[in-house]
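Residue numbering for the sequence shown follows this note's numbering, starting at 169 and increasing by one per position.
Here's the structure, in structure tokens; my notes come after.
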Amino acid sequence: TTMETGAPAVATPTPEGGGRGARARKAPETFKVDVKEKTEFCVLPGKGVKLGDMPNVCEMLTKYTSTHKVLQDTYAAAFGRRGAALNVKKHLREFSGFPPESRDVDVEKRTESLKKKQVADLKGIALVLCIERSGTKDELVKRIVDFLDVPSGSGRKAPAPAGTKRKRAASPKKKAAKSKGAKAKKQAASPKTKAKADPAAGIPKPPTAIDIYIKARLPALKEKNPEVSEKDLTQHLRDKWKGMAGDKKSKYEDEHKELLAKYEKEVAAAKTKAAKPDIQDSDDSDRDGDGDDDDDDDGDEADPGDGDAEVAGGDDDTKEGEADADDDA
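Structural data, given as structure tokens:
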């Protein structure tokens, strides 16, 4: 800083009479500050591959914001300084290793700086760089510094950021059980595996004796008690049935037995029909059997005399029948 001073103050002459003179005025002092011009940060080339040419690292850069702590730590490990939010990802993509002219100094400084960080922070940097995250703290520091010294593609896929859940592969037992269950479900839905329908399913079951009684008595009871609900009237008849004498119940029980016998007969007929279904065959090949018999008997010639005898005999029988009829008359 330099200080500039004005011209020296001019002494004012002492007034006559020996009085005190006027105060001399000093020129104002001004300060001038030398401001250094800011130079734009430039990423110097290294001997490795640019991080922007590594697809897995580029993918990891897109998963974080520029102000995220993980990217800020990675930027500091690469350049030894914090970066502006607008340039963090841009500079990281251009990074290709420590410059050869300052390599030794950069390796030493980065190693000391990374040793002061927590293991979780080191694993975050390794996560962005897509390198191995296991091992002790010293191993992590050495692995990160060696990678930043001469970056090279690791070939590893971009891992999921911390806090995201990964889907675990199903165990062989779970896979087998799942496939078995799906197969069983598919078989159950298949028409071939469906159980045969009950042939008697469509036949209505006969009502019980009490149901017959309620059906017979309910209409008349409704007419006499229109204000009472059907539910209450039905319950009244059920209670009355419980205390009814056996001889009065017999009428309805006999009707139930008849309906039950009819039902059982229909069920038996339906099951028999289902067990032995009617087979309709329109093939007329069986009718050719007579023709085959005729072919087999071609060698045997019919005796004309026998045919005449049968016809004559037939006439005699007819005549005898007519005579019997005349006698009955």
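We put the beta carbon where it would ideally sit given N, CA and C, even for glycine.
Could you please give the first and the last residue of the uninterrupted beta strand (DSSP E) stretch that includes residue i?
{"i": "Phe315", "result": "Counting along the chain, Phe315 falls outside any beta strand (DSSP E), though it belongs to the alpha helix (DSSP H) covering Lys305 to Asp317."}
{"i": "Lys200", "result": "Thr198 to Lys200"}
How is the alpha helix (DSSP H) around residue i delimited, first residue to last?
{"i": "Ile382", "result": "Ala377 to Lys392"}
{"i": "Pro213", "result": "It is not in any alpha helix (DSSP H) - Pro213 carries neither H nor E in the DSSP assignment."}
{"i": "Met228", "result": "Pro223 to Thr230"}
{"i": "Ser418", "result": "Gly414 to Ala443"}
{"i": "Val273", "result": "Arg271 to Lys283"}
{"i": "Leu297", "result": "Val287 to Leu297"}
{"i": "Asp407", "result": "Glu398 to Lys410"}
{"i": "His236", "result": "No alpha helix (DSSP H) contains His236, which DSSP labels as neither H nor E."}
{"i": "Glu262", "result": "Val256 to Glu262"}
Since residue i contacts residue j with CB under 8 angstroms, what's their CB separation in whole angstroms?
{"i": "Gly248", "j": "Val318", "result": "That belief does not hold up - the Cβ atoms of Gly248 and Val318 are roughly 17 angstroms apart, past 8 angstroms."}
{"i": "Val435", "j": "Ala365", "result": "At roughly 14 angstroms, the Cβ-Cβ gap does not stay under 8 angstroms, so Val435 and Ala365 are not in contact."}
{"i": "Leu427", "j": "Pro374", "result": "4 angstroms"}
{"i": "Thr235", "j": "Ala252", "result": "In fact, because the Cβ distance is near 10 angstroms, the residues do not count as touching under 8 angstroms."}
{"i": "Lys215", "j": "Pro268", "result": "7 angstroms"}
Measuring only the C-alpha atoms, how far is residue i from residue j?
{"i": "Val217", "j": "Phe263", "result": "8 angstroms"}
{"i": "Gln403", "j": "Pro372", "result": "24 angstroms"}
{"i": "Val396", "j": "Arg385", "result": "15 angstroms"}
{"i": "Ala245", "j": "Cys298", "result": "15 angstroms"}
{"i": "His424", "j": "Ala442", "result": "27 angstroms"}
{"i": "Cys529", "j": "Met228", "result": "Residue 529 is absent from the structure shown; the chain starts at 169 and stops at 497."}
{"i": "Ala288", "j": "Val256", "result": "21 angstroms"}
{"i": "Glu305", "j": "Thr207", "result": "The sequence as given places Lys at residue 305; Glu does not occur at that position. Using only the alpha carbons, I get a separation of about 36 angstroms."}
{"i": "Gly303", "j": "Ala350", "result": "43 angstroms"}
{"i": "Tyr409", "j": "Gly370", "result": "Checking the displayed sequence, the identity of residue 409 turns out to be Trp instead of Tyr. Rounded to the nearest angstrom, the two C-alpha atoms are 30 angstroms apart."}
{"i": "Asn405", "j": "Thr376", "result": "The sequence given here has Leu at residue 405, not Asn. Their Cα atoms are separated by approximately 14 angstroms."}
{"i": "Lys283", "j": "Thr198", "result": "48 angstroms"}
{"i": "Arg301", "j": "Lys310", "result": "12 angstroms"}
{"i": "Lys392", "j": "Lys433", "result": "39 angstroms"}
{"i": "Arg149", "j": "Lys258", "result": "An answer regarding residue 149 cannot be provided, because it is not within the stretch 169 to 497 covered by the chain."}
{"i": "Lys416", "j": "Ala388", "result": "18 angstroms"}
{"i": "Met222", "j": "Ser347", "result": "40 angstroms"}
{"i": "Ala413", "j": "Asp407", "result": "13 angstroms"}
{"i": "Ser418", "j": "Leu401", "result": "22 angstroms"}
{"i": "Ser320", "j": "Asn224", "result": "12 angstroms"}
{"i": "Asp272", "j": "Lys231", "result": "32 angstroms"}
Among the residues of its own chain, which have a CB less than 6 angstroms from the CB of residue i, if the five just before and after it don't count?
{"i": "Lys383", "result": "none"}
{"i": "Thr242", "result": "Ile293 and Val296"}
{"i": "Asp274", "result": "Phe266"}
{"i": "Leu290", "result": "Leu308"}
{"i": "Ala438", "result": "Pro367 and Ala368"}
Spatial neighbours of residue i within its chain, please: C-beta separation below 7 angstroms, excluding the five flanking residues on both sides.
{"i": "Arg278", "result": "Ala245, Gly248, Val313 and Leu316"}
{"i": "Ile380", "result": "Tyr420, Glu423 and His424"}
Could you tell me if the beta carbon of residue i falls within a distance shorter than 7 angstroms of some heavy atom in the ligand COA?
{"i": "Leu297", "result": "Only the bare structure without any ligand can be found here, which leaves the ligand COA out of the picture."}
By Cβ distance, which residues of its chain are closer than 8 angstroms to residue i, with the 5 residues on each side in sequence left out?
{"i": "Cys226", "result": "Leu219, Gly220 and Arg261"}
{"i": "Lys430", "result": "Pro374"}
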